[in-house]
Each structure stands twice: as structure tokens, then as C-alpha cells.
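K.L.:
Could you have a look at this structure, given as C-alpha cells, before my questions?
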Amino acid sequence: MVAITDSLVRLGLTARDKEDAIRQAAAILAGEGSVDPAYGDSMLARERQVPTYLGSGIAIPHGLRGDAGMVRRTAVAVAQFPDGVDWGDGQTVHLAIGIAAQSDEHVQVLAALTGVLQEPELAEALGRTRDKGDILRALGGAAAPAAPSAPAVMPDGYDHRLPAEITGHAGLHARPATAFATLARSFAAEILVGHGGKLANGKSMAALLTLGAERGTVLEIGARGPDGAQAVRALADAVASGLGDADEPEPPAPEARAAAAVPYRGAVRRGVPASPGLAIARTHRLRHAAPAALEEAPAGDPAEEAKRLEAALARAHEELRALQAEVSARSGSKQAAIFLAHQEMVDDPELVGAARARVAQGLSASAAWRAVTDARAREMESLSDKLLAERGRDVRDVGARVVRILSGAPEAPGIVLPEHPVILLAEDLAPSDTAGLDVKRVLGLATALGGPNSHTAILARALGLPAVAGLGEAILQIPDGTEAVLDGDGGVLLPEPDEHDRALAGAARTERQAADAEARAAAYRPAFTRDNHRLETVANIGTPAEAAAAVQAGAEGVGLLRTEFLFLDRDSAPDEEEQFQALHAMTEALRGLPLIVRTLDIGGDKELPYLRLPREDNPFLGIRGLRLCLQRPDLFGPQLRAIARAARAAPAGAVKVMFPMVASVEEYREGRAALEAVRAELGAPPMEVGIMVEVPSVATMADVLAREVDFFSVGTNDLTQYVLAMDRMHPALATRADGLHPAVLRLIGQVVKAAHAEGKWVGVCGNLAAERAACAILVGLGVDELSVSPPSVPELKARIRGLRLADARRLAERALACGTAAEVRALS
Ligand code: PEP
Ligand code: MG
1 MVAITDSLVR
11 LGLTARDKED
21 AIRQAAAILA
31 GEGSVDPAYG
41 DSMLARERQV
51 PTYLGSGIAI
61 PHGLRGDAGM
71 VRRTAVAVAQ
81 FPDGVDWGDG
91 QTVHLAIGIA
101 AQSDEHVQVL
111 AALTGVLQEP
121 ELAEALGRTR
131 DKGDILRALG
141 GAAAPAAPSA
151 PAVMPDGYDH
161 RLPAEITGHA
171 GLHARPATAF
181 ATLARSFAAE
191 ILVGHGGKLA
201 NGKSMAALLT
211 LGAERGTVLE
221 IGARGPDGAQ
231 AVRALADAVA
241 SGLGDADEPE
251 PPAPEARAAA
261 AVPYRGAVRR
271 GVPASPGLAI
281 ARTHRLRHAA
291 PAALEEAPAG
301 DPAEEAKRLE
311 AALARAHEEL
321 RALQAEVSAR
331 SGSKQAAIFL
341 AHQEMVDDPE
351 LVGAARARVA
361 QGLSASAAWR
371 AVTDARAREM
381 ESLSDKLLAE
391 RGRDVRDVGA
401 RVVRILSGAP
411 EAPGIVLPEH
421 PVILLAEDLA
431 PSDTAGLDVK
441 RVLGLATALG
451 GPNSHTAILA
461 RALGLPAVAG
471 LGEAILQIPD
481 GTEAVLDGDG
491 GVLLPEPDEH
501 DRALAGAART
511 ERQAADAEAR
521 AAAYRPAFTR
531 DNHRLETVAN
541 IGTPAEAAAA
551 VQAGAEGVGL
561 LRTEFLFLDR
571 DSAPDEEEQF
581 QALHAMTEAL
591 RGLPLIVRTL
601 DIGGDKELPY
611 LRLPREDNPF
621 LGIRGLRLCL
631 QRPDLFGPQL
641 RAIARAARAA
651 PAGAVKVMFP
661 MVASVEEYRE
671 GRAALEAVRA
681 ELGAPPMEVG
691 IMVEVPSVAT
701 MADVLAREVD
711 FFSVGTNDLT
721 QYVLAMDRMH
731 PALATRADGL
741 HPAVLRLIGQ
751 VVKAAHAEGK
761 WVGVCGNLAA
771 ERAACAILVG
781 LGVDELSVSP
791 PSVPELKARI
801 RGLRLADARR
811 LAERALACGT
821 AAEVRALS
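Note that UniProt numbering has the sequence shown beginning at 1, numbered continuously upward.
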């Protein structure tokens with residue numbers, strides 16, 4: 001039985017928000033030595049899985065089950081917030097009852113709580129009381145369980161009865177009780193549950209909690225009514241199978257992984273780990289440059305200026321419409337709505353009318369437009385309504401766009417950065433934004449949207465920049481210049497760290513740097529497992545500079561050259577010669593190490609505006625990758641020629657070709673035939689040709705394809721999104737699109753078997769290859785090559801050296817037998 005003691009009750013607290021309140025409850029427990037300091041993170045992670053609001057202003061934050069090891073002594077702490085704390089979903093909490101339980105003792109407290117829950121006035125009084133005794137009496141007193149020996153007396157008429165034993169680790173706590181009540185409500189029969197001399201309405205979660213049923217308790221389920229027999233059977237079965245709670249491991253929750261990381265005590269913002277590493281710097285919100293200091297052109301003839309203004313407004317409208325479509329395709333229409341608002345601003349009759357009037361008075365088009373938009377922006381910024389004041393910034397943006405067009409400056413101005421190093425905060429980053437980042441000044445990326453498979457994440461890893469994605473829009477309100485810690489391993493951003501947290505972050509960064517240095521020192525040796533199994537460790541690159549970086553990092557070649565990066569950030573496609581020069585520079589840098597050139601993979605999340613491809617409702621399922629190239633010989637031809645010429649100039653066998661997004665044998669054959677024709681014409685040497693495994697159809701047909709291809713490389717980023725039907729860019733789904741899902745692993749295993757049967761090799765070049773938890777499983781599945789961003793190569797090699805193939809195989813077998821990604825993650 002858990003006793004709540006005086007020292008565990010704190011009255012009259014205030015909290016900034018729910019996270020703060022939970023941390024305070026955790027701090028009470030930690031202060032009494034009941035839990036490790038990191039337990040607060042575990043409580044927050046748990047809260048994100050299942051909110052712990054119970055009702056009547058009471059919440060019961062508690063840690064992840066997997067973190068029971070952090071609990072030194074079972075205890076319950078009561079944190080009272082008389083002013084209330086917003087718990088989300090319109091709920092306000094006055095009592096946060098923090099539970100630290102090694103097993104199921106806290107069920108007694110829940111039982112006591114339900115008495116309070118059923119008396120809202122009592123709950124309200126406890127939320128305000130200045131007397132700890134009131135709380136101790138209400139929770140301690142009512143908590144005494146009824147004697148388990150006393151039998152429950154089922155009333156007459158409840159003729160259908162069955163016993164059922166509680167098997168879940170934590171007894172009949174809130175979640176299983178909810179499952180029970182929900183199932184019970186699907187029957188017409190009245191249902192009672194008896195235990196220890198008490199009876200509870202089986203359709204009420206709160207009533208069920210009053211039973212205080214621990215693990216091993218045998219409940220008596222009784223039903224009265226026409227479907228009573230089915231009801232008791234179904235409910236008894238549900239209880240026997242754990243009410244969804246029995247052996248369910250904690251989900252992978254990136255936040256759970258984060259919880260095990262650095263135990264900051266400040267109010268961290270949690271997102272998804274997107275790229276490892278730790279940065280401590282001032283924040284800076286992403287802004288693009290205003291057009292280069294514009295020479296204010298002297299006003300010409302007013303009629304001419306008026307025409308220029310109209311043309312610039314029309315062009316701005318066009319640009320904004322394209323931007324809206326692009327953002328909408330990439331991130332959804334909600335995110336794109338701002339560009340719709342911008343379009344309305346360039347059409348705003350008042351703004352346009354005022355600008356025209358000024359032009360008529362002799363001002364130049366740009367001076368007139370700047371004057372009216374500045375005036376409007378100032379007016380809005382002075383409003384006390386924050387939201388409206390914010391819109392002032394948009395008016396300035398639109399103002400700058402039109403002025404830039406009038407100046408004849410090119411479309412995409414670069415990112416403006418202050419002189420000092422920063423952590424860049426952005427809603428999301430376009431691939432070209434991230435690719436062009438100055439890594440001397442940008443030490444880390446924190447984005448409101450996106451997930452671990454977004455291109456921001458991929459590029460951040462390639463640049464060796466720590467990054468956290470999916471942090472939520474609120475980060476965009478952090479004022480520029482705020483000192484912050486960005487923890488890419490833990491997936492957190494911590495603005496304004498105190499001394500303690502800054503020291504923790506500094507120590508973690510030093511530790512990481514030391515580990516990196518150690519791994520780098522061993523990077524030039526090949527990676528063998530402890531039982532002498534060799535894994536090819538290669539790099540994913542996009543530019544010639546990265547080819548050199550890959551060699552320096554100890555990569556044994558390039559497993560994936562994303563050739564689309566040669567096409568980004570420009571107004572037209574590079575021609576054959578330019579592509580050849582880039583490929584040649586890479587083979588030179590690689591000095592005979594293999595270079596796997598993936599042909600152009602455009603479409604889906606990778607767009608090239610200058611190609612003006614028709615909009616598609618479903619770009620991820622449309623004309624992309626190899627499909628697009630087969631339809632566009634004007635793009636494919638020059639690229640294949642450049643590859644063949646690079647192969648001709650490189651050491652024998654160094655250049656290999658790989659087709660992306662192959663969905664069928666026919667597509668592969670067509671691509672190979674196109675390459676072969678070019679190769680023969682140019683007299684280039686034969687090249688190995690492989691395919692990316694990104695589409696489930698190709699994974700399932702791997703046995704057929706294995707007879708024709710020279711190798712496979714699994715693109716887990718796309719394969720995961722197509723297998724799980726979860727868009728890798730989706731703000732809400734990206735975190736759940738987990739490459740360690742058994743469905744993905746089974747397909748990889750299947751491809752490896754099929755390939756090895758034909759003597760072909762299999763690599764993995766998606767992000768999963770760089771995931772700590774995935775390495776042993778992929779090795780165990782028999783994958784021959786792992787391809788990661790250059791900075792990750794040393795660490796990957798170190799990880800492989802720590803494995804035993806035999807153990808990895810066993811682990812992989814267990815992973816394949818798992819039912820969920822969470823179970824797979826729980827294995828390691
Ligand atoms: C993949 O899909 O896993 C992959 C490596 O390709 P990309 O991320 O470029 O789509
Ligand atoms: Mg892909």
C-alpha cells in the first residue's frame with residue numbers, strides 16, 4: 001500500500017504549462033529520493049502517449065513502464081495548482097498526482113482517487129485547500145482497499161457470471177479500465193464487476209478504478225440482460241488477454257529514446273531526432289534576404305511607372321500562386337494558406353489604389369509600393385492584437401517581393417544570417433535552402449514541421465548538422481538571439497538553459513566529440529564484426545565536395561549519389577557536359593572506389609520548378625523517379641551519356657548505375673536498355689546496374705529481378721512510406737513512419753534471400769542504415785552494404801565492430817517475429 005506523506009504534498013504551486021506542472025510533480029518525487037531526476041522526461045513521454053487527465057481537475061502523470069528502473073521507491077506526490085494548468089482538450093488541472101510505481105501498488109491510489117472523482121465538489125475543494133490534511137485524508141483514507149477475502153455479492157438477476165484474472169503489469173489502471181468499460185458499453189446488458197466485497201458498474205471507467213484491482217486479482221463479471229452471456233464471455237476474454245495492456249512494450253516513441261538522453265531540467269521542447277549532434281548557440285528564425293540593396297530608380301514617366309507597377313503586381317501574384325501550390329504539395333494546404341493571403345495583399349484595392357495615386361504624383365513604382373506597404377505594415381504592427389500585429393510582417397514580405405521584382409533581381413534570395421553562429425529555426429526548409437546553408441554559421445536546425453525522413457533531415461545529416469524536426473509552430477515565436485541547446489540525439493530544443501542545463505549540454509557535447517574522434521581514428525580500417533564478417537560501409541552524397549568528404553570519413557565508396565542535387569537551386573537543368581564534369585570530379589576524388597550513380601529521382605518530395613511538370617493530385621504515386629526519366633528522354637539521355645562518359649574515364653568498374661523508384665520488371669528493363677544503347681554508342685565499358693528497393697512490388701518480386709539486376713539497394717525512406725501508407729513528409733505521420741516496422745524488415749529480409757540465391761548483393765541506403773537501433777538487425781538480415789551520410793561513416797563502422805553476426809542473426813529473427821515497430825525497438 002502506498003502512503004502519501006506530508007512531504008509529498010505541495011500546495012499553492014503555479015505552472016507555466018502542462019510540461020512545467022509535470023516536471024514539478026516529478027521534482028517532488030525526485031526530491032524525496034523516490035525517483036531518478038530523469039523520471040520527469042519519462043512522465044512527459046508517457047503523457048504524450050496517453051494523456052493522464054482523469055476528470056474533475058485531476059491528472060495522474062506517471063512514467064513509462066519501461067522506465068520502472070528509474071523508480072527507487074514507489075511513491076505518490078501531489079502538486080496542487082489552485083490557478084489551474086491547461087492540460088489540453090479544454091481540461092484544466094488543479095491537482096497533478098505524480099505516480100512513481102515499480103509495479104502495480106499505485107492502483108490503490110487510483111482506487112482512492114475515484115472516490116474523489118465521483119464527488120466533483122470534493123475534487124474542487126482539494127484543488128483549493130490550504131490544508132494538506134484534507135488531501136491526505138481524501139487520498140490516504142479512501143485508499144484503504146477492501147479486504148480481498150470478502151466476496152462481492154452479485155445482486156439478483158446477474159445470472160451470467162464469469163471470473164477473470166487481471167494480467168496486465170499495472171493492474172486495472174486507467175487505460176485497461178477504459179478498454180473494459182468501452183467493450184462493456186457495446187452490450188445492452190447491465191454489467192457489474194465485483195472484487196474484494198465491492199461492486200462497480202462495468203460501463204464506468206471511474207467506477208472500475210474504485211475496485212483497486214491489482215495484477216493477479218480475480219474479478220467477477222456479472223451481467224443482466226438478453227446479451228448478458230455474450231457480454232461476460234467477451235469481457236472475460238478481454239481481461240484474460242490483458243485489456244490491451246498485458247505485455248505491450250512501450251512504443252518506440254522518439255521521446256522515450258530522448259528521455260534516456262541528457263536529463264535537462266529546464267522546459268524542453270520535444271520534437272523528433274532528425275540528425276545527431278549537439279549545438280549550443282543563439283537562435284535565429286529563417287528569413288530570406290531582401291533584394292540586394294536596391295538602387296531606387298528615378299521615377300520615369302508616370303504612365304510608364306504605372307505600367308511597371310501593374311506588371312510587377314501580376315508577376316508577384318504568379319510567383320505566390322506557384323509558391324502556394326508548391327508548399328501545398330509539399331506540406332499541405334494549411335501551411336500554404338499564407339501564400340494565398342499574400343496573393344490577396346497584392347490584389348488589395350486599397351494598397352494598389354494608394355500606390356497608383358503616388359505614382360500619378362511622380363513617385364517611381366517601387367518607391368510608391370514601398371511607401372504604401374511600409375505604412376500599412378507599421379499600422380498593423382502597432383495593434384495590440386498579437387495576431388494582427390504579426391500580419392504586419394506579411395505585408396512587409398509582400399512589399400519586398402514586388403520591390404524585388406521591380407528591381408529585376410532573380411527569384412530566390414538567399415538566407416540572411418547574423419554574423420554569429422546560430423541555431424536556425426524554421427517552419428521547414430526547402431531542400432535547396434538546406435543544401436546551401438553556411439555550416440560555419442548555422443550550427444543546428446530546428447524545424448516546426450517535418451520528420452526524420454524529410455529532406456531537411458537527410459541534408460542535415462549529410463552536412464553533419466544536428467537537427468530536430470516536428471517541434472511545433474510555437475518555436476517560431478522564440479525571439480532571435482535567445483540562447484538555446486539543440487540536442488539532435490535527444491530530439492529536443494531547450495531555450496534559455498540555466499547554468500545546470502548548459503553544463504549538462506556542454507558535457508554531453510564534449511563526450512560526443514570524444515567518441516566521434518575515437519571513431520574517426522578507426523574509420524580507415526574496414527568494418528568487420530567481432531566474428532569476422534565484413535560489411536561494406538559506403539556513403540550517400542550529392543556533390544563532388546561530399547565525395548571528398550566521404551573518402552576522408554573512411555567510406556569505402558559511394559553507395560548512393562543523389563544526382564538530383566546537381567539539378568537543384570538553379571533555373572535550368574545542367575547539360576551533359578556539366579553533369580559529366582561533376583561525375584568526373586567525384587570519381588577523381590574517390591580514386592577508384594566505387595561510385596553508385598542513381599539516375600535522376602525527381603517528383604514526390606523533390607521538385608524542380610523549372611521542369612514545369614504538370615501538377616499531380618498524388619505526386620508520391622505519380623510520374624516520378626525512373627518513370628519520369630523514361631518519359632523524358634531530354635532529361636534521361638544527357639544524364640546517361642554523362643554517366644557513360646564518366647565510366648569511360650574512371651578506373652574499371654568504378655561507376656555503377658542505379659535506378660530509383662522502380663515499380664516493375666518492365667520499367668527496369670526499359671531503363672537498362674536505354675543505358676545500354678548509350679553505353680554502346682559511346683564505347684563505354686559495361687557497368688553494373690542495380691535498382692533501389694523503394695516500392696513494395698519490387699521487394700516482393702525480388703526473386704525475379706535478382707536474375708536480371710546486378711545489385712539492390714533498399715531505400716527505406718520511400719519503402720517505409722509506401723509499405724505503411726504514411727507520407728514521409730506528413731507532419732503528423734512522419735514520426736510513425738518507422739523503418740523498423742516488421743513489415744519493412746520482412747521485405748528487406750525477403751530481398752536479401754532472393755538476391756543471395758542469385759549471387760547478388762543488397763545494400764541499404766535509406767536513413768535506417770544510420771539508425772543506431774537498426775544496425776544489428778540489418779546486419780542480421782544479411783544486408784551486405786550500408787550507405788550513410790559521410791559524417792556518420794566512422795560511427796557506423798564502430799557499431800559494426802561491436803557486433804557478432806551470430807547474435808545479429810538471432811536479433812533479426814526476433815525482430816521479424818515482432819508485431820509492431822515498438823516491439824522491434826524494445827529488443828535492443
Ligand atoms: C530512400 O527512399 O530511402 C532513398 C534513399 O532515397 P531518397 O531519400 O533520396 O528518396
Ligand atoms: Mg527514395
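Backbone N, C-alpha and C fix where the C-beta goes; we use that ideal spot for every residue, glycine too.
As the structure is a computational prediction, the values presented were derived from the model and not from experiment.
Please determine if the segment 521-536 and the segment 297-316 are in contact, where contact requires at least 3 C-beta pairs separated by less than 8 Å.
P.N.:
no
K.L.:
May I ask you to check if the CB of residue 653 is nearer than 7 Å to at least one heavy atom of the ligand PEP?
P.N.:
By one-based count along the sequence shown, residue 653 stands at place 653. Residue 653 has its Cβ no nearer than 7 Å to any heavy atom of the ligand PEP.
K.L.:
Indicate the three-state DSSP secondary structure (helix, strand or coil) for residue 373 in the structure shown.
P.N.:
Within the sequence shown, the letter at position 373 stands for residue 373. The answer is helix: DSSP assigns residue 373 an H, G or I state.
K.L.:
Count the other CB atoms within 10 Å of the CB of residue 517; is the residue buried (16 or more) or exposed (fewer)?
P.N.:
On the sequence shown, residue 517 is found 517 positions in, with the first residue counted as 1. Exposed is the label assigned to residue 517, since fewer than 16 other Cβ atoms lie within 10 Å of its Cβ.
K.L.:
Let me check understanding here. Comparing Cα to Cα, which of 631, 667 and 672 lies closest to residue 644?
P.N.:
Mapped onto the sequence shown, residue 644 falls at position 644. Out of 631, 667 and 672, 672 has the C-alpha closest to the C-alpha of residue 644.
K.L.:
Using the Cα positions of residue 91 and residue 101, report the straight-line distance between them to the nearest angstrom.
P.N.:
Reading the sequence shown from its first residue, position 91 is the one you call residue 91. Reading the sequence shown from its first residue, position 101 is the one you call residue 101. C-alpha separation (whole angstroms): 25 Å.
K.L.:
Less than 8 Å between the CB atoms is what I'm expecting for residue 766 and residue 739, so what's the real figure, rounded?
P.N.:
Here residue 766 refers to the residue found at position 766 when the sequence shown is read from its first residue. Here residue 739 refers to the residue found at position 739 when the sequence shown is read from its first residue. Yes, they are in contact, since the Cβ atoms of residue 766 and residue 739 sit about 6 Å apart, within 8 Å.
K.L.:
Could you spell out the range, first to last residue, of the alpha helix (DSSP H) harbouring residue 829?
P.N.:
The chain is shown from 1 up to 828; residue 829 falls before or after that span and cannot be answered.
K.L.:
In terms of residues, what are the limits of the alpha helix (DSSP H) holding residue 756?
P.N.:
Here residue 756 is taken as the residue at index 756 of the sequence shown, counted from 1. First-last of the alpha helix (DSSP H) with residue 756: 742-757.
K.L.:
Helix, strand or coil: which one does DSSP assign to residue 28?
P.N.:
Mapped onto the sequence shown, residue 28 falls at position 28. In this structure, residue 28 counts as helix in the three-state DSSP scheme.
K.L.:
In whole angstroms, what separates the C-alpha of residue 431 from that of residue 608?
P.N.:
Residue mapping note: residue 431 aligns to position 431 of the sequence shown, counting from 1. Residue mapping note: residue 608 aligns to position 608 of the sequence shown, counting from 1. Reliability of the predicted coordinates at residue 431 is poor, the pLDDT of 48 falling under 50, and no value is obtained from them.
K.L.:
Per DSSP, what are the beta-bridge partners of residue 528 in this structure?
P.N.:
Against the sequence shown, residue 528 aligns to sequence position 528. According to DSSP, which records beta bridges pairwise, residue 528 is partnered with 534.
K.L.:
Given residue 422, which residues of its chain have a CB within under 8 Å of its CB, disregarding the five upstream and five downstream residues?
P.N.:
In the sequence shown, residue 422 corresponds to position 422, counting from 1. Same-chain partners within the cutoff: 281, 282, 283, 284, 441, 442 and 443.
K.L.:
Taking 7 Å as the line, does the beta carbon of residue 348 fall inside it for any heavy atom of the ligand MG?
P.N.:
Here the question's residue 348 lines up with position 348 in the sequence shown. No - the ligand MG has no heavy atom lying nearer than 7 Å to the Cβ of residue 348.
K.L.:
Quick check on DSSP: helix, strand or coil for residue 187?
P.N.:
Taking the sequence shown and counting its residues from 1, the one referred to as residue 187 is at position 187. The answer is coil: DSSP assigns residue 187 none of H, G, I, E or B.
K.L.:
Could you compute how far the alpha carbon of residue 278 sits from the alpha carbon of residue 190?
P.N.:
Along the sequence shown, one-based indexing puts residue 278 at 278. Along the sequence shown, one-based indexing puts residue 190 at 190. Computed Cα separation, rounded: 57 Å.
K.L.:
Could you check if residue 532 is buried or exposed, using at least 16 other CB atoms within 10 Å of its CB as the buried criterion?
P.N.:
Position 532 of the sequence shown, counted from the first residue, corresponds to residue 532. Exposed, since its Cβ has fewer than 16 Cβ neighbours within 10 Å.
K.L.:
Assuming residue 596 and residue 560 are in contact, meaning their beta carbons sit under 8 Å apart, how far apart are those beta carbons, in whole angstroms?
P.N.:
Here residue 596 is taken as the residue at index 596 of the sequence shown, counted from 1. Here residue 560 is taken as the residue at index 560 of the sequence shown, counted from 1. Correct: roughly 6 Å between the Cβ atoms.
K.L.:
Enumerate, from N- to C-terminal direction, the unbroken beta strand (DSSP E) stretches of 3 or more residues contained entirely within the segment 638-714.
P.N.:
655-659, 689-693 and 711-714
K.L.:
How long is the line joining the alpha carbons of residue 16 and residue 95, rounded to whole angstroms?
P.N.:
Against the sequence shown, residue 16 aligns to sequence position 16. Against the sequence shown, residue 95 aligns to sequence position 95. Looking at the two C-alpha atoms, the distance is approximately 15 Å.
K.L.:
Would you kindly check if the distance between the Cβ of residue 754 and the Cβ of residue 706 is under 8 Å?
P.N.:
Residue numbering aside, residue 706 sits at position 706 when the sequence shown is read from its first letter. Residue numbering aside, residue 754 sits at position 754 when the sequence shown is read from its first letter. Annotated as proximal: residue 706 and residue 754, with beta-carbon spacing under 8 Å.
K.L.:
According to DSSP, what are the bridge partners of residue 485?
P.N.:
Translated into positions along the sequence shown, residue 485 becomes position 485. DSSP lists 280 and 494 as partners of residue 485.
K.L.:
Which value, in whole angstroms, describes the spacing of the CA atoms of residue 587 and residue 318?
P.N.:
Taking the sequence shown and counting its residues from 1, one reaches residue 587 at position 587. Taking the sequence shown and counting its residues from 1, one reaches residue 318 at position 318. Taking the straight line joining both Cα atoms gives about 42 Å.
K.L.:
Any contact of the segment 576-586 with the segment 611-619, i.e. 3+ C-beta pairs under 8 Å?
P.N.:
no
K.L.:
Taking 7 Å as the cut-off, is the beta-carbon of residue 638 closer than that to any non-hydrogen atom of the ligand MG?
P.N.:
To locate residue 638, count along the sequence shown from 1; it is residue 638. No, the Cβ of residue 638 stays beyond 7 Å of every heavy atom of the ligand MG.
K.L.:
I think residue 267 touches residue 19, with their Cβ atoms under 8 Å apart; what is that distance to the nearest whole Å?
P.N.:
Translated into the one-based positions of the sequence shown, residue 267 becomes position 267. Translated into the one-based positions of the sequence shown, residue 19 becomes position 19. Their Cβ separation, rounded to whole angstroms, is 6 Å, which keeps residue 267 and residue 19 in contact under 8 Å.
K.L.:
Can you check DSSP and say which residues form a bridge with residue 100?
P.N.:
To locate residue 100, count along the sequence shown from 1; it is residue 100. Residue 100 pairs with 75.
K.L.:
Does the Cβ of residue 715 lie closer than 7 Å to at least one heavy atom of the ligand MG?
P.N.:
One-based indexing of the sequence shown puts residue 715 at position 715. Yes, Cβ of residue 715 sits closer than 7 Å to a heavy atom of the ligand MG.
K.L.:
For residue 562, is the beta carbon positioned less than 7 Å from some heavy atom of the ligand PEP?
P.N.:
The sequence position of residue 562 within the sequence shown is 562, counting from 1. Answer for residue 562: yes, Cβ within range of the ligand PEP.
K.L.:
What does the alpha-carbon distance come out to for the pair residue 461 and residue 554?
P.N.:
Numbered from 1 along the sequence shown, position 461 holds the residue referred to as residue 461. Numbered from 1 along the sequence shown, position 554 holds the residue referred to as residue 554. Going by the C-alpha atoms only, they are around 16 Å apart.
K.L.:
Based on Cα-Cα distance, which residue from 79, 67, 22 and 40 lies nearest to residue 7?
P.N.:
Sequence index remark: in the sequence shown, residue 7 carries index 7 (1-based). It is 79.
K.L.:
In terms of residue numbering, what span does the alpha helix (DSSP H) encompassing residue 824 cover?
P.N.:
The residue given as residue 824 occupies position 824 in the sequence shown. Looking at the DSSP string, the run of the alpha helix (DSSP H) that includes residue 824 is 821-827.
K.L.:
Given this structure, state the Cα-to-Cα distance separating residue 625 from residue 188, to the nearest angstrom.
P.N.:
Residue numbering aside, residue 625 sits at position 625 when the sequence shown is read from its first letter. Residue numbering aside, residue 188 sits at position 188 when the sequence shown is read from its first letter. If you take the alpha carbons of residue 625 and residue 188, they lie about 55 Å apart.
K.L.:
Determine the direct distance from the alpha carbon of residue 585 to that of residue 780, and round the result to whole angstroms.
P.N.:
Locating residue 780 in the sequence shown gives position 780, where the first residue counts as 1. Locating residue 585 in the sequence shown gives position 585, where the first residue counts as 1. Cα to Cα, the separation comes out at about 36 Å.
K.L.:
Please find out if some non-hydrogen atom of the ligand PEP comes closer than 7 Å to the beta-carbon of residue 629.
P.N.:
In the sequence shown, counting from the first residue as 1, residue 629 sits at position 629. Not under cutoff, so the answer is no.
K.L.:
For a test of the three-state rule: what should DSSP assign to residue 135, helix, strand or coil?
P.N.:
Within the sequence shown, numbered from 1, the residue matching residue 135 stands at position 135. Three-state result, residue 135: helix.
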